[in-house]
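Undergrad: I'd like to ask some things about the structure below.
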Amino acid sequence: MGKSTWGKGMTLAILAVFVLLAAGPALAQDTIKIGFSGALTGPAASFGVGIRRGAEIAVDDINAKGGVRGKKLQLIVRDSEHNPVKLVAQHRELVEREGVVALLGGTNSAEMLAVAPILNDQLKVPVICPATDATKITENDAWQEGRDNYVFRYGMFGRGQSNFLVNMAVQRFGYKKAALLTWTAGWGVTGRGELTRRLRELSTPLVADETYDTADTDISPQLLKIKQAGGEVILNYGLVRENVYVVRAKDKIGDKTPYFSAWGLATPAFWRAGGNLGEGVLVSTTITADGPQPPERLQFLKKYWQRYGPDMDFVPGTFAAHDIVHLYAQVMEKVGTDPKAIRAALENIPAFKGLVKDFKRPVFTKSRHDALQEEDFVLGRWTNGKLLQVHFDQEGPHVILDDGAKRYIDKKTLALR
Amino acid sequence: MRFLVQIVLSGIATGAIYGLVAVGYSVTYATMRVLNFGLGMWVMLGAMVGYTLHVTFGLNVLIAMLGMMTVLGGLGLLAERFTVLPFVRAGSDVWIMSTLAVGLLFINAAELLWGRNPLAIPPFLGKDPINFAGIGIYPQEILIVIVACAVMVALDVFYQYTLLGKAFRATASSTEVAGLMGINTRRIASLAYALAGCLAGFAGLLVAPVTLAEPQMGTILGLKAFAIAIIGGLEAGRGIFVCGLLYGVLEGLLSGYLYTGIRDIIGFTLMILVLFVRPNGLFGRRAEERA
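Those protein sequence lines, which keep their order, are chains Y and L.
Under my numbering, the letters of the first sequence match residues 149 to 565, in that order.
Under my numbering, the letters of the second sequence match residues 7 to 297, in that order.
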């Protein structure tokens, strides 16, 4: 092989590189990019992984049917490691370098509170949050000032969740004296404030206001105090690990006080770690995948199981992420891929058939960026490893078992009658 | 009264966990003035490896315990050789960081290998609480207290009556003299590190049925145990364990009669006060007493 041949080869190679580089943006334009940054490692990893999986299934479904306006959707994912600083930087990178036109929200409220003003004032790309529940994420500065708000939510929000839990306990179950047992970290703190507010609004006496720290292994002192104070129901805001300690301490001291929890316990991880000590715990959530389900949800569950195995650790977020991608697709089919147009169109969707909810009303409005409202939330009861939806009739709250049997819930102990 | 008894019992159960982990700090400190700052993560790793052997492979709990301690002891030898010795030899304090780094490495590895959700290990002696006159306690909690006491006795016997234990103590009092007397102090240093690893792992698998096994389980446990080791006096093995028990009971009383939120403030303020009055800890001897 002569020198000149080598030289020619080299020139060709360099040329090829330039051609590819030039074609890069053109190739990129053939897909529509949707970004997601959230915790994929660390303590909140199961949330981020759940959201990513829900979105992946939706993207593949839409692409199999030809994509949006003839273009394929592409999901671009970053791991924020549960760190607000990383998440903000990754949002910038996703928008400015990757050119995403829409985003799925992250996995921790502090992250989304940090990124909300940046999305509204600088990046101007819409985000819909499937997981984070701090009320102020959607009701942010731009919202208060009536400017264009790029932050939406398709999940629980703090005020709504607390109202729902307290309303259920006081109005539907009829407890007269409430006790709080909340986590001293993270969202336990905001939850405690919101629950207290709602109890005051309903003028229900709060007889004990107890907390637990991260990694407190024995919660019996707090539970004994609640018992002594005459609490008829315990309202909880916290995550799986500490709540396994709670149900275990309840078992140890033989305490049967009804236990209502925010959606931190709406995950099978709670049952796997706590076993049948979790029986009877009531949990607020947006959706439960157990018990009788409509066919669309079953179809989605089957796809999930095929791809990722039987464990779905973050049911509400996985379903929500699926719905959010479809919501974006529906909007982009109509108005194209300009982020500003997408944002505006999100406030004008008259109806939407999602898996979490079949919307017969506008999903969002200019003043309401929370798709799901108190009346959309459901109460689940941990029943033999399944989170079954609680229904109400004249005789009171009940669940429907797999064999179709209707079993009423005893209000004093939350046991099945 | 029932309230008080329940709280004290629960406190003792929690305190025994703290105490057992805290003693691990003293093993390496007493022999070679080195602390394993990542010790909490060794506790976690013990629980995780124990979970795999006992729950996943279905091995008898005693066999699982032995297998896990072999693994952790081996890791202890390696960790001492590669992350402590080079720095101690160079006269540098970098080992403080490197012991912590090994701990962080364990957390990441555990997340990859076992996932991030808490894993349940069935209690060794049955699930149901023992209830007596309205006061409840789990058999596993009683087991933790008894076994922890037994470990303390075993450590004492080891230090006082075995040749190797005496070599440990000799190395502790003077590395140079011990070396001149024909003790392989280099080997003693790595054995002490491995022993601390084994002990931490043992504590991990023993307490996991109560605390659950998960990658973050050692972080706060290790920190509290470290505070307790300081209060007790880093060289006083038995003293540290007693401190652990006292600290657990104190925590319970504060949660029960005051408020959980101020518990750690009072606990750690006490720690600082103790150090003011007795800089070598409650049970530690002063330098001149030791000489």
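Glycine is no exception: its CB is placed at the ideal position from the N, C-alpha and C atoms.
Are the stretch 360 to 369 of chain Y and the stretch 389 to 407 of chain Y touching, with three or more C-beta to C-beta distances below 8 Å?
TA: Contact holds: three or more Cβ-Cβ distances are below 8 Å.
Undergrad: Whose C-alpha, out of L:Ala-214, L:Gly-228, L:Ile-236, is nearest the C-alpha of Ala-36 of chain L?
TA: Residue L:Ile-236 is the option with its Cα nearest to Ala-36 of chain L.
Undergrad: Enumerate in chain order the residues of its own chain whose CB-to-CB distance from Glu-543 of chain Y is below 8 Å, with the five nearest sequence positions on each side excluded.
TA: For Glu-543 of chain Y, where only same-chain residues beyond five positions count, the Cβ hits under 8 Å are Tyr-556.
Undergrad: If I follow the unbroken beta strand (DSSP E) through Lys-220 of chain Y, where does it start and stop?
TA: Its beta strand (DSSP E) spans residues 220 to 227.
Undergrad: Can you give me the Cβ contacts of Glu-342 of chain Y inside the same chain, cut-off strictly under 7 Å, excluding the 5 residues immediately before and after it?
TA: Taken in chain order, the residues that qualify are Gly-306, Arg-307, Ser-310.
Undergrad: Rounded to the nearest angstrom, how far is the Cβ of Ser-409 of chain Y from that of Leu-430 of chain Y, given a contact under 8 Å?
TA: 7 Å between Cβ atoms; contact.
Undergrad: Any beta carbon of chain L sitting closer than 8 Å to that of Leu-372 of chain Y?
TA: Yes, because at least one Cβ of chain L sits closer than 8 Å to the Cβ of Leu-372 of chain Y.
Undergrad: Please list the terminal residues of the continuous beta strand (DSSP E) segment that includes Phe-300 of chain Y.
TA: Counting along the chain, the beta strand (DSSP E) containing Phe-300 of chain Y begins and ends at 299 to 301.
Undergrad: Suppose you measure from the CA of Leu-251 of chain Y to the CA of Gln-146 of chain L; what does that come to, to the nearest Å?
TA: In a straight line, the C-alpha of Leu-251 of chain Y is about 48 Å away from that of Gln-146 of chain L.
Undergrad: Any C-beta of chain L sitting closer than 8 Å to the C-beta of Ser-228 of chain Y?
TA: For Ser-228 of chain Y, the answer is no, since every Cβ of chain L falls outside 8 Å of its Cβ.
Undergrad: Could you tell me the distance, in whole angstroms, from the CA atom of Leu-78 of chain L to the CA atom of Gly-52 of chain L?
TA: Near 7 Å, if we compare the C-alpha coordinates of Gly-52 of chain L and Leu-78 of chain L.
Undergrad: Does Phe-9 of chain L have its Cβ less than 8 Å from a Cβ in chain C?
TA: In summary, chain C is missing from the structure at hand, where the protein chains are Y and L.
Undergrad: What does the Cβ neighbour count give for Gln-238 of chain Y, buried or exposed, with the cut at 16 atoms within 10 Å?
TA: It counts as buried.
Undergrad: At least one CB of chain Y closer than 8 Å to the CB of Gln-12 of chain L: is that the case?
TA: Judged by the 8 Å Cβ criterion, Gln-12 of chain L is in contact with chain Y.
Undergrad: Tell me whether the stretch 259 to 271 of chain L and the stretch 279 to 286 of chain L touch, counting them as touching only if at least three CB pairs, one residue from each stretch, are closer than 8 Å.
TA: Touching, no.
Undergrad: Do you know whose CA, among Y:Asp-541, Y:Glu-259, Y:Thr-280, Y:Phe-300, lies nearest Pro-108 of chain Y's CA?
TA: Outside the modelled stretch of chain Y, which goes from 149 to 565, sits residue 108 of chain Y, for which no answer is possible.
Undergrad: Jot down the residue ranges of each uninterrupted beta strand (DSSP E) in the stretch 238 to 276 of chain Y, minimum 3 residues, whole runs only, in chain order.
TA: Within the stretch 238 to 276 of chain Y, the complete beta strand (DSSP E) runs of at least 3 residues are 250 to 252.
Undergrad: Taking 8 Å as the cut-off, decide whether the C-beta atoms of Ala-19 of chain L and Ile-127 of chain L are in contact.
TA: No, these two residues do not count as a Cβ contact at 8 Å.
Undergrad: Suppose only complete runs of 3+ residues qualify. What are the beta strand (DSSP E) ranges in the stretch 284 to 351 of chain Y, listed by chain order?
TA: Counting whole runs of 3 or more residues, the stretch 284 to 351 of chain Y contains the beta strand (DSSP E) stretches 299 to 301, 326 to 331.
Undergrad: State yes or no: is the C-beta of Ser-32 of chain L within less than 8 Å of the C-beta of Ile-246 of chain L?
TA: Closer than 8 Å, so yes.
Undergrad: Nearest-angstrom Cα distance between Cys-277 of chain Y and Ala-206 of chain L?
TA: Computed Cα separation, rounded: 41 Å.
Undergrad: According to DSSP, which residues form a beta bridge with Gln-478 of chain Y?
TA: In the DSSP output, where bridge partners are listed per residue, Gln-478 of chain Y has none listed.
Undergrad: Please report the Cβ distance between Pro-416 of chain Y and Asp-461 of chain Y, rounded to the nearest whole angstrom; I am assuming they are in contact, meaning their Cβ atoms lie under 8 Å.
TA: Right, the Cβ-Cβ distance comes to about 6 Å (below 8 Å), so this counts as a contact.
Undergrad: Can you confirm whether the stretch 185 to 202 of chain Y touches the stretch 216 to 233 of chain Y when touching is taken to mean that 3 or more C-beta pairs between the two stretches lie within less than 8 Å?
TA: Short answer: they touch.
Undergrad: Using a Cβ-Cβ distance under 8 Å, would Leu-125 of chain L count as near chain Y?
TA: Yes, contact with chain Y.
Undergrad: Could you have a look at Gln-12 of chain L and say whether DSSP puts it in helix, strand or coil?
TA: Three-state DSSP puts Gln-12 of chain L in a helix.
Undergrad: I'd like to know if Gly-402 of chain Y contacts chain L, where contact means its C-beta is closer than 8 Å to some C-beta of that chain.
TA: By this cut-off, Gly-402 of chain Y is an interface position.
Undergrad: Using 8 Å for Cβ pairs, my map puts Gly-25 of chain L next to Glu-257 of chain L. What's the rounded Cβ distance?
TA: Actually they do not touch by this definition, with Cβ atoms about 13 Å apart.
Undergrad: Going by the CB atoms, is the gap between Val-55 of chain L and Val-90 of chain L shorter than 8 Å?
TA: Not in contact: Val-90 of chain L and Val-55 of chain L (Cβ atoms no closer than 8 Å).
Undergrad: CA-CA distance, Gly-457 of chain Y and Lys-450 of chain Y?
TA: Those two C-alpha atoms are separated by around 10 Å.
Undergrad: Quick one: give me the first and last residue of the alpha helix (DSSP H) that Val-526 of chain Y is part of.
TA: Run containing Val-526 of chain Y: none in the alpha helix (DSSP H); it sits in the beta strand (DSSP E), 526 to 531.
Undergrad: Who does Ser-185 of chain Y pair with in a DSSP beta bridge?
TA: Beta-bridge pairing links Ser-185 of chain Y to Y:Arg-226.
Undergrad: Am I right that Asp-46 of chain L and Leu-229 of chain L are in contact with their C-beta atoms under 8 Å? What's the rounded C-beta distance?
TA: Reading off the sequence, residue 46 of chain L comes out as Gly, not Asp. About 7 Å; that satisfies the 8 Å criterion.
Undergrad: Which one of Y:Leu-221, Y:Glu-204, Y:Ser-194 has the shortest CA to CA distance from Leu-118 of chain L?
TA: Measuring from the Cα of Leu-118 of chain L, the nearest candidate turns out to be Y:Ser-194.
Undergrad: Give the DSSP bridge partners of Val-547 of chain Y, in chain order.
TA: Paired residues: Y:Arg-555.
Undergrad: Any beta-carbon of chain L closer than 8 Å to the one on Pro-369 of chain Y?
TA: Judged by the 8 Å Cβ criterion, Pro-369 of chain Y is in contact with chain L.
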